[in-house]
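Step one of this worksheet: look at the structure below.
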Amino acid sequence: MNNLFSPQLTKQVIIGTKSKSRRNLFKNLKLKFNYRSANIIERKVSNLKNDKNDALKIAIAKAKYLSSKYKDKIIVTFDTTILFKRKTIYKCDGPGCCSKLLNSLNNKNHSLYTGMVFMINDKIIHKKLTKTEIYFKKTDKKKINQYVNKNFETIKSAVGCYNIEGSGQDLFKDIKSSFFNVIGLDVISFLKALRKI
11 MNNLFSPQLT
21 KQVIIGTKSK
31 SRRNLFKNLK
41 LKFNYRSANI
51 IERKVSNLKN
61 DKNDALKIAI
71 AKAKYLSSKY
81 KDKIIVTFDT
91 TILFKRKTIY
101 KCDGPGCCSK
111 LLNSLNNKNH
121 SLYTGMVFMI
131 NDKIIHKKLT
141 KTEIYFKKTD
151 KKKINQYVNK
161 NFETIKSAVG
171 CYNIEGSGQD
181 LFKDIKSSFF
191 NVIGLDVISF
201 LKALRKI
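The C-terminal residue of the sequence shown carries number 207 in my numbering, and the numbering is unbroken.
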């Protein structure tokens, strides 16, 4: 798929993510980019309002951080948030937090948003917000705790404390809209935006 884009273009692109899931997705698509991580504290991004736009605001903050460091480069950043009971859910810092969160999502639905931003020299040239509605099936609390204990090192970096591409798929009843958005990247929107640059 990399032959869809000129080598000059892909060399100009810096993907601002430390997500292994996103990087693996790019690798599986045979897309080669440079990767950097934006060193920001997501919860401290200004003007967060516990709504769907928080994902875009955080992605913009990441893009600004990297754009200030890499002049004339195409910076692409992402952020995935969960909106549940009118509150933005962030990543957990321990197994107890993950178990509590997954048990609260158990047998309910929630909205997952991924914000994507393209920026050059601190100027936004494209942005997109993609929503996926996720329905959890009813799962025994003991099974959820076992899942967390077994997979914590993998899920601790995932908002919602689950990875749909792994054993976490057993937690789901239904997904409406983009499967790849749950991994953290609306692939079709990304490819369309990159082709237009």
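Just so it is clear, CB atoms sit at the ideal spot from N, CA and C, and this is done for glycine as well.
Between the C-alpha atoms of residue 24 and residue 32, what's the straight-line distance to the nearest angstrom?
Taking C-alpha positions only, residue 24 is separated from residue 32 by approximately 13 Å.
Residue closest to residue 18, alpha-carbon to alpha-carbon, out of 102, 104, 44 and 28:
Of 102, 104, 44 and 28, the residue nearest in Cα terms is 44.
Cβ-based neighbour list, residue 196, same chain, cut-off 8 Å, excluding 5 preceding and 5 following
These residues qualify, in order along the chain: 124, 126, 138, 140, 188 and 190.
Start and end of the beta strand (DSSP E) containing residue 25?
DSSP places residue 25 in the uninterrupted beta strand (DSSP E) bounded by 23-26.
Do you know offhand how far residue 50's Cα is from residue 73's?
Take the alpha-carbon of residue 50 and the one of residue 73: they are about 10 Å apart.
Just to confirm before moving on: does the CB-CB distance between residue 94 and residue 147 stay below 8 Å?
No, they are not a contact pair.
Cβ-Cβ separation, residue 89 to residue 65 (assumed contact under 8 Å), whole Å
Yes, they are in contact, since the Cβ atoms of residue 65 and residue 89 sit about 5 Å apart, within 8 Å.
Where residue 88 falls: helix, strand or coil (DSSP):
If DSSP states are grouped into helix, strand and coil, residue 88 belongs with the strands.
Test item: CB-CB of residue 75 and residue 48 under 8 Å
The answer is yes: Cβ separation under 8 Å.
Cα-Cα separation, residue 167 to residue 207:
Roughly 31 Å separates the two Cα atoms.
Which residues in the same chain have their Cβ closer than 6 Å to the Cβ of residue 171, if we skip the five residues on either side of it in sequence?
Only 102, 108, 111, 112 and 165 meet the Cβ criterion.
Whole angstroms are fine: how far does the CA of residue 91 sit from the CA of residue 100?
For residue 100 and residue 91, the distance between alpha carbons rounds to 7 Å.
Which value, in whole angstroms, describes the spacing of the CA atoms of residue 96 and residue 61?
Going from the Cα of residue 96 to the Cα of residue 61 covers about 7 Å.
Could you check the C-alpha separation between residue 199 and residue 117 for me, to the nearest Å?
When the Cα atoms are used, residue 199 and residue 117 turn out to be separated by approximately 30 Å.
Alpha helix (DSSP H) runs wholly inside the region 67-121, at least 4 long, in chain order:
Those alpha helix (DSSP H) runs which fall completely within the region 67-121 and span 4+ residues are 105-115.
State the beta-bridge partners of residue 174 as determined by DSSP.
DSSP output for residue 174 lists no bridge partner at all.
So what does DSSP say about residue 180, is it helix, strand or coil?
DSSP places residue 180 in helix when its eight states are reduced to three.
Determine whether the beta carbon atoms of residue 184 and residue 131 lie at a separation below 8 Å.
No.
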